[in-house]
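> The structure follows.
Residue numbers (my numbering): 46 to 401.
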């Protein structure tokens, strides 16, 4: 890396993106729109503290990101680390500006306006950081300061007199919590994770392989649950994609086998709670089907899912390394899937059934 590297462009886009993404952590819950709505005018102090709380968390992330970028900046620009504190202070000021503008935008429900606002702030933030990194003429910074102040005044006047959109605030807070729960769900079962149900019509062809028989009632139910529920389908897809990326860049067969088995284990382990996904729904007890088919059907769906993931990992290794390595990774994954679903999962299911 030398002075020809576009360090200004890279840091401008990267830091500009983190500056523009400025969620407000209000910590509101569903019931608050009923109990706190009457005292909205008295909660100005609370929401100021919410903005401060959001700034503290995001300032830490900015600090870490800038620390990661600084060696690249020093190497490419030839400048020393003495610019770190100066750039950090500028980033903190811009973060406060973005948070206040984001707070004003929360009072406007127009989706197109929100997208337009995001693009304006992203371009402005990225360009300003770019000129700082490239050490542009001082008059350019004066122009940007005028633009920042003008936008701040314009946003404030635009939303003056508008009330808070409590549904929007609560929805964004719920999405933030769900994002954290989904991350935690990669490693452990999260009971509070609330998923969404989507049909995913483009995957309906899969159900043609399930024959129309009474014994396949639970097989069809669990297949639909895996495909339609966002928590299980999203978990399966995320782990498959992350594992595929790691396998693609790994260049050793034994490392590839280890990565493949690790992600197969993570996937299978996190899909186990699906067996009780419908346990509290009374209609499944009305099925004229022996309940022993439930465990067998679940093991079938789990085994097939892991088999497909094993083949997918093998294909990735086939393209990134060789056909022999891909075949070995695929066979190792299938062998692990058989052992895991035949030995560990039934024992875990019996323990779960006794705890209900």
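For every residue, glycine included, the Cβ atom is placed at its ideal position computed from N, Cα and C.
Predicted, not measured: the structure shown is a model, and the values here were computed from it.
1. Look at the Cβ atom of residue 244, then the Cβ atom of residue 283, and state whether they are nearer than 8 Å.
2. Identify whether residue 256 lies in helix, strand or coil by the three-state DSSP scheme.
3. Is it a yes or a no for the stretch 183 to 192 touching the stretch 72 to 83, going by three-plus beta-carbon pairs under 8 Å?
4. Helix, strand or coil: how does DSSP classify residue 274 here?
5. Applying the 10 Å Cβ sphere with the 16-neighbour rule, what's the burial state of residue 166?
6. In angstroms with no decimal places, state the Cα-to-Cα distance between residue 381 and residue 394.
7. Identify the continuous alpha helix (DSSP H) that holds residue 353 and give its terminal residues.
8. Which full runs of the alpha helix (DSSP H) of 4+ residues lie inside the stretch 130 to 189, going along the chain?
9. Sorted by chain position, which residues of the same chain lie with C-beta nearer than 6 Å to residue 58's C-beta, five sequence neighbours on each side aside?
10. Residue 270 to residue 169, Cα distance in whole Å?
11. Applying the 10 Å Cβ sphere with the 16-neighbour rule, what's the burial state of residue 85?
12. Do you know how far the Cα of residue 229 is from the Cα of residue 206?
13. Below 8 Å, can you find three or more Cβ-Cβ pairs linking the stretch 335 to 348 to the stretch 317 to 324?
14. Report yes or no: do three or more beta-carbon pairs, one from the stretch 358 to 375 and one from the stretch 294 to 313, lie closer than 8 Å?
15. Let me know if residue 156 comes out buried or exposed under the rule of 16 or more other beta-carbons within 10 Å of its beta-carbon.
16. Give the C-beta separation of residue 266 and residue 323 to the nearest angstrom, bearing in mind that I take them to be a contact with Cβ-Cβ under 8 Å.
17. Let's see if you can read the secondary structure: which residues bound the alpha helix (DSSP H) around residue 77?
18. Does the beta-carbon distance from residue 292 to residue 358 come in below 8 Å?
19. Could you spell out where the alpha helix (DSSP H) holding residue 368 opens and where it closes?
20. If we cut at 8 Å on Cβ distances, does residue 167 have a partner in chain C?
21. With 16 other CB atoms within 10 Å as the buried threshold, where does residue 90 fall?
22. Grab me the residues of residue 154's own chain with a C-beta within less than 8 Å of its C-beta, minus the 5 sequence neighbours each way, in chain order.
23. Residue 140 and residue 67 - do their beta-carbons sit closer together than 8 Å?
24. Return the residue from the list 71, 294, 111 that minimises the CA-CA distance to residue 364.
25. Rounded to a whole number of angstroms, what is the C-alpha to C-alpha distance between residue 487 and residue 54?
26. Going by DSSP, what residue range makes up the alpha helix (DSSP H) through residue 306?
27. Roughly how far, in whole angstroms, is the beta-carbon of residue 72 from the beta-carbon of residue 258, given that I think they are within contact range, below 8 Å?
28. Which ranges does the alpha helix (DSSP H) cover as unbroken runs of at least 4 residues, wholly within the stretch 87 to 138, from first to last along the chain?
29. Can you tell me the Cβ-Cβ gap for residue 122 and residue 177, rounded? I've got them flagged as a contact below 8 Å.
30. For residue 250, count neighbouring C-beta atoms within 10 Å of its own C-beta (all shown protein chains included) and say buried if the count is 16 or more, exposed if not.
31. Could you give the residue range of the alpha helix (DSSP H) that holds residue 208?
Result, derived from the coordinates:
1. The answer is no: Cβ separation not under 8 Å.
2. Correct three-state label for residue 256: coil.
3. They do not touch, by the three-pair rule.
4. In this structure, DSSP gives residue 274 an extended state, which the three-state scheme calls strand.
5. Buried, by the Cβ-count rule.
6. The straight-line gap from Cα to Cα measures roughly 18 Å.
7. If you look at residue 353, you'll find it in the alpha helix (DSSP H) that goes 337 to 365.
8. Listed in chain order, the alpha helix (DSSP H) elements of length 4 or more contained wholly in the stretch 130 to 189 are 156 to 178.
9. Same-chain partners within the cutoff: 171.
10. About 44 Å.
11. Under a 10 Å Cβ-count criterion, residue 85 is classified as exposed, with fewer than 16 other Cβ atoms of the shown protein chains found around its own Cβ.
12. Distance between the alpha carbons of residue 206 and residue 229: 40 Å.
13. Yes, since at least three Cβ pairs between the stretch 335 to 348 and the stretch 317 to 324 fall closer than 8 Å, the two stretches touch.
14. With the rule of 3 Cβ pairs closer than 8 Å, the stretch 358 to 375 counts as touching the stretch 294 to 313.
15. By the neighbour-count rule (16 or more Cβ atoms within 10 Å), residue 156 is not buried but exposed.
16. 7 Å between Cβ atoms; contact.
17. Note, residue 77: alpha helix (DSSP H), 77 to 80.
18. Less than 8 Å separates the beta-carbon of residue 292 from that of residue 358.
19. Per DSSP, residue 368 belongs to the alpha helix (DSSP H) from 368 to 384.
20. Protein chain content of the structure displayed is limited to a single chain, and chain C is not contained in it.
21. Exposed.
22. Result list for residue 154: 210, 213, in chain order.
23. At the C-beta level, residue 67 and residue 140 come within 8 Å of one another.
24. Nearest Cα to residue 364 within the set 71, 294, 111: 294.
25. Because residue 487 is not part of the residues shown, which for the chain are 46 to 401, the question remains open.
26. From DSSP, the alpha helix (DSSP H) with residue 306 extends over 298 to 316.
27. Not quite, the Cβ-Cβ distance comes to about 50 Å (not below 8 Å), so this is no contact.
28. Counting whole runs of 4 or more residues, the stretch 87 to 138 contains the alpha helix (DSSP H) stretches 89 to 122.
29. Your pair residue 122 and residue 177 does not check out as a contact, with CB atoms roughly 11 Å apart and the cut at 8 Å.
30. Result: exposed.
31. Here residue 208 belongs to no alpha helix (DSSP H), and DSSP marks it neither H nor E.
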